[in-house]
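Numbering-wise (the working numbering), the sequence shown opens with residue 1392 and increments by one.
We put the CB at the ideal spot given by N, CA and C, even for glycine.
Being a predicted model, the structure only gives us computed values, none of them experimental.
Working notes for the structure below.
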Amino acid sequence: MNEKWIASQNEKYDRMITILDGIDAEPSLKEVADKFEWTIPYNTCIKLKKVAKRHGKFIVSKDLKCDQALAIYATKFKALAVVTHDTDFLIFEGRWQLWHANHIDVNKLITKTYCKQGLLRTLGLQWRQMAIWATLAGNSFFKYDELVPFLGKFGPNNQKFYRLAEHVRRLPLRNGKLDDDTVHSILGRVYWNRQVPPEAYEWFRQSVAFYQLNEPSKDSQQNDEDPFAYLLEDEHYVTYSILTNRPYICTLLFFDYRSSEIGNYYEIIEPIIARMAGILLYHQKDERQDVTLAIKRNHHESHSVVTVPATFPTAITPPPLIELISKDESVQASLLERKLQLWRWVCSNDLLDVEEFNTVPPAFMCTVLTLYRLRQCGAIRIFEADLLLLIAQQLSKGVFDLTLEPHPQRLNPRAFRLAFVFQNVYHHMARVAKVLGLSEEYRPKTPYDGHRFHNMYNVWTSLKVESEFQSIGEWRFYKNANST
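Laid out in structure tokens, this is it:
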């Protein structure tokens, strides 16, 4: 796993801890929004991705970074625009427009458009120089913090990027490229009176190459040596990563490792992933018996790549991969009970033979298993589990209008943390369903509404609401979950 990803995740964790400290003061929603406007990550792309998958072609890039692959695709097929919140797309050449995802008015279907050619003209650069300018201005390859002393020499903020463009215009290009001597000269100026990191040359070259719109060769695209490439076509990404021994990525969102009140996130999800790997590697035990994770395990430890043993089922035999992911209706029907049993086993040994669980409607199975796991780990109280299941049921029945649900007055620190733990663990449990080849009805998007949860949480903490349980009473298997 790339060091920059690890550094980025560590940075993100520190920012989230700052927000959680602010939430602990139980501020109003407006106070949180105002104070952390530039720290809280946007979730616009969740809806965009859903719309894109429903109405367009979903493409996975193995050979290039997604940004570069998208820019190449948009240029090749003469797209009208790229919709994104990533300003890197101002640097790619292409004739397409840049529509900003964070400024979309969903009612009027209008948004802000950024003019790439306008930026080019304003800076007085040519396209081949833009990649150098963007690199020296700071990006994901060359961190801005590394460049602050260098950029400080170009004057105040309202002038330095124009003066940086003047500096780039003076750099000698041969066939549109910088030679090695020039790159080393640039790095000497960037790190004036500082030691040049040994990786700096590679950072610079990778950054400039990132903005080039060169398609990978057909040989690398076909990748005939990869026997599992076909899995990506049906979006079996987790299955692919486990079978090819690539790191299974576990992002945290808002989890506070400083406290054990809601358990330890790593300890909650590690058995889920180990058992999922056990299902996939069951028929390949002789080749490998472990799975690689990219994760943060506690507050003081950095994100890192760790290897954990796969946990293999003993009382039930998983179907071979070809049957597991088969789309043949007769195969799916014949394996359904075994797949559901494996799903229950991944959650807990205690559920292996609980066939009554199959009476839970498919749309709520993932929610019930998630809540069972959280109860088993002591991360969630019974009333909290009931509330989350009730909201899932209400969402499916259209009991309330999401657009009319009022904003909560204040944010409860525990409810805020718990909401993200639930969504994260649900995500892993839904991945298990995908690995098992279960249809989408068993793994709907997380059935959760934050406004509703916070509003009802404040009521349920002070009142007895047993009457609310009638609609979900038969699905509360988590009531009897044994602590691990």
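How big is the Cα-Cα spacing for residue i and residue j?
{"i": "residue 1565", "j": "residue 1520", "result": "12 Å"}
{"i": "residue 1841", "j": "residue 1775", "result": "13 Å"}
{"i": "residue 1559", "j": "residue 1526", "result": "11 Å"}
{"i": "residue 1744", "j": "residue 1403", "result": "41 Å"}
{"i": "residue 1576", "j": "residue 1591", "result": "12 Å"}
{"i": "residue 1451", "j": "residue 1851", "result": "44 Å"}
{"i": "residue 1868", "j": "residue 1746", "result": "12 Å"}
{"i": "residue 1444", "j": "residue 1623", "result": "14 Å"}
{"i": "residue 1613", "j": "residue 1460", "result": "With a pLDDT of 48 at residue 1613, under the threshold of 50, the modelled position of that residue is not reliable, and the figure given next carries that caveat. Taking the straight line from one Cα to the other gives about 15 Å."}
{"i": "residue 1542", "j": "residue 1528", "result": "8 Å"}
{"i": "residue 1854", "j": "residue 1847", "result": "10 Å"}
{"i": "residue 1828", "j": "residue 1642", "result": "23 Å"}
{"i": "residue 1409", "j": "residue 1397", "result": "19 Å"}
{"i": "residue 1639", "j": "residue 1572", "result": "40 Å"}
{"i": "residue 1658", "j": "residue 1442", "result": "34 Å"}
{"i": "residue 1667", "j": "residue 1783", "result": "25 Å"}
{"i": "residue 1464", "j": "residue 1419", "result": "44 Å"}
{"i": "residue 1870", "j": "residue 1773", "result": "7 Å"}
{"i": "residue 1818", "j": "residue 1864", "result": "24 Å"}
{"i": "residue 1709", "j": "residue 1724", "result": "15 Å"}
{"i": "residue 1393", "j": "residue 1477", "result": "20 Å"}
{"i": "residue 1646", "j": "residue 1691", "result": "13 Å"}
{"i": "residue 1832", "j": "residue 1718", "result": "14 Å"}
{"i": "residue 1423", "j": "residue 1616", "result": "51 Å"}
{"i": "residue 1548", "j": "residue 1535", "result": "13 Å"}
{"i": "residue 1600", "j": "residue 1512", "result": "22 Å"}
{"i": "residue 1611", "j": "residue 1672", "result": "Any reading at residue 1611 needs caution, since the residue's pLDDT is 49, under 50, leaving its predicted position unreliable; the model's value is listed next. Spanning the two alpha carbons is a distance of roughly 27 Å."}
{"i": "residue 1711", "j": "residue 1729", "result": "12 Å"}
{"i": "residue 1837", "j": "residue 1754", "result": "10 Å"}
{"i": "residue 1606", "j": "residue 1697", "result": "33 Å"}
Rounded to the nearest angstrom, how far is the Cβ of residue i from that of residue j, given a contact under 8 Å?
{"i": "residue 1707", "j": "residue 1736", "result": "7 Å"}
{"i": "residue 1704", "j": "residue 1670", "result": "7 Å"}
{"i": "residue 1684", "j": "residue 1699", "result": "6 Å"}
{"i": "residue 1701", "j": "residue 1732", "result": "18 Å between Cβ atoms; not a contact."}
{"i": "residue 1491", "j": "residue 1503", "result": "4 Å"}
{"i": "residue 1866", "j": "residue 1727", "result": "Wrong, their Cβ atoms sit about 19 Å apart, outside the cutoff."}
{"i": "residue 1345", "j": "residue 1417", "result": "Past the edges of the chain, shown from 1392 to 1875, lies residue 1345, and the structure says nothing about it."}
{"i": "residue 1415", "j": "residue 1804", "result": "5 Å"}
{"i": "residue 1602", "j": "residue 1483", "result": "6 Å"}
{"i": "residue 1581", "j": "residue 1538", "result": "6 Å"}
{"i": "residue 1757", "j": "residue 1806", "result": "About 21 Å separates the two Cβ atoms, so there is no contact after all."}
Hey, out of the options, whose CA is closest to residue i's CA?
{"i": "residue 1488", "options": "1418, 1475, 1583", "result": "1475"}
{"i": "residue 1493", "options": "1473, 1669, 1444", "result": "1473"}
{"i": "residue 1532", "options": "1446, 1776, 1596", "result": "1596"}
{"i": "residue 1760", "options": "1769, 1770, 1748", "result": "1748"}
{"i": "residue 1471", "options": "1462, 1534, 1604, 1478", "result": "1462"}
{"i": "residue 1678", "options": "1513, 1636, 1640, 1465", "result": "1636"}
{"i": "residue 1428", "options": "1417, 1441, 1407", "result": "1407"}
{"i": "residue 1625", "options": "1808, 1449, 1823, 1511", "result": "1449"}
{"i": "residue 1800", "options": "1806, 1793, 1845, 1756", "result": "1845"}
{"i": "residue 1466", "options": "1421, 1672, 1604", "result": "1604"}
{"i": "residue 1530", "options": "1480, 1485, 1548", "result": "1480"}
{"i": "residue 1562", "options": "1517, 1393, 1540, 1598", "result": "1517"}
{"i": "residue 1713", "options": "1431, 1757, 1674, 1696", "result": "1674"}
{"i": "residue 1888", "options": "1395, 1405, 1400, 1399", "result": "For the chain, the structure presents residues 1392 to 1875; residue 1888 sits outside this window and is missing."}
{"i": "residue 1544", "options": "1583, 1793, 1497", "result": "1583"}
{"i": "residue 1769", "options": "1874, 1839, 1742, 1665", "result": "1874"}
Would you decide whether residue i is buried or exposed? Buried here means 16 or more other CB atoms lie within 10 Å of its CB.
{"i": "residue 1798", "result": "exposed"}
{"i": "residue 1457", "result": "exposed"}
{"i": "residue 1777", "result": "buried"}
{"i": "residue 1593", "result": "exposed"}
{"i": "residue 1693", "result": "exposed"}
{"i": "residue 1587", "result": "exposed"}
{"i": "residue 1861", "result": "exposed"}
{"i": "residue 1872", "result": "buried"}
{"i": "residue 1661", "result": "buried"}
{"i": "residue 1682", "result": "buried"}
{"i": "residue 1621", "result": "exposed"}
{"i": "residue 1524", "result": "buried"}
{"i": "residue 1568", "result": "exposed"}
{"i": "residue 1546", "result": "exposed"}
{"i": "residue 1795", "result": "exposed"}
{"i": "residue 1421", "result": "exposed"}
{"i": "residue 1830", "result": "exposed"}
{"i": "residue 1825", "result": "buried"}
{"i": "residue 1400", "result": "buried"}
Any heavy atom of the ligand GTP closer than 8 Å to the Cβ of residue i?
{"i": "residue 1598", "result": "The ligand GTP is not part of the structure shown, which contains no ligands of any sort."}
Determine, using beta-carbon pairs with one atom in the region 1648-1664 and one in the region 1757-1773, whether at least three such pairs fall under 8 Å. yes
Three or more C-beta pairs closer than 8 Å, one from the region 1804-1814 and one from the region 1736-1750: is that the case here? no
Determine contact between the region 1620-1637 and the region 1781-1789, defined as no fewer than three beta-carbon pairs at a distance below 8 Å. no
Segment contact, 8 Å Cβ cut-off, at least three pairs: the region 1499-1512 with the region 1549-1557: no
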